[in-house]
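Beneath this line is the structure, given in structure tokens, with notes to follow.
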Amino acid sequence: MKKNPIPFLRKLGLIEGISFLLLMGVAMPLKYIWGMPTPVKIVGWAHGVLFVSLCVSLLQTMIVAKWSLKRGALIFIAAIVPFGPFLIDRRVKGYEKEFHESRTASPSESPVLR
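The numbering used here numbers the first residue of the sequence shown as -15 and each following residue consecutively.
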């Protein structure tokens, strides 16, 4: 049985969301209001790494959990929208519960065998 990748995806999504808020709410004002470009370079780089990591983790989760393209696209779009990762987290938590239940269901209850 493969390990559940959804908890990692959720945590990474929340961290990526926080990095985006730091970039837009702290680093960008420091650059454009107070002329301090260094925070944008640091936070922007970290946010970029986190975003790419989130995309890779999402792809891995889609494969392991057998998610549809629609579900993956919804989560990807939420990662781009400000506050999106925080708003989509509840839904992803439901997907996590669904994945766990499908893994622990008895073979007679499995939707594959119906």
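Built from N, CA and C at the ideal position, the CB exists for glycine as well.
- Taken through DSSP and simplified to helix, strand or coil, Trp29 comes out as helix.
- Counting of Cβ neighbours within 10 angstroms places His84 among the exposed residues, the total staying below 16.
- A residue is called buried when at least 16 other Cβ atoms come within 10 angstroms of its Cβ; Thr88 does not meet this threshold and is exposed.
- Distance check between Gly1 and each of Lys50, Gly19, Leu38 and Ile47 places Leu38 closest, using alpha-carbon atoms only.
- Under the DSSP assignment, Val10 falls outside any alpha helix (DSSP H); it carries neither an H nor an E label.
- The alpha-carbon separation between Ala11 and Pro21 amounts to approximately 8 Å.
- Residue burial is scored here from C-beta neighbours: Ala62 has at least 16 other C-beta atoms within 10 angstroms and is therefore classed as buried.
- By the neighbour-count definition (other C-beta atoms within 10 Å, threshold 16), Met8 is an exposed residue.
- Considering only Ser41, Phe4 and Gly(-3), the residue with the shortest C-alpha distance to Trp29 is Phe4.
- DSSP places Ile17 in no alpha helix (DSSP H); its state is neither H nor E.
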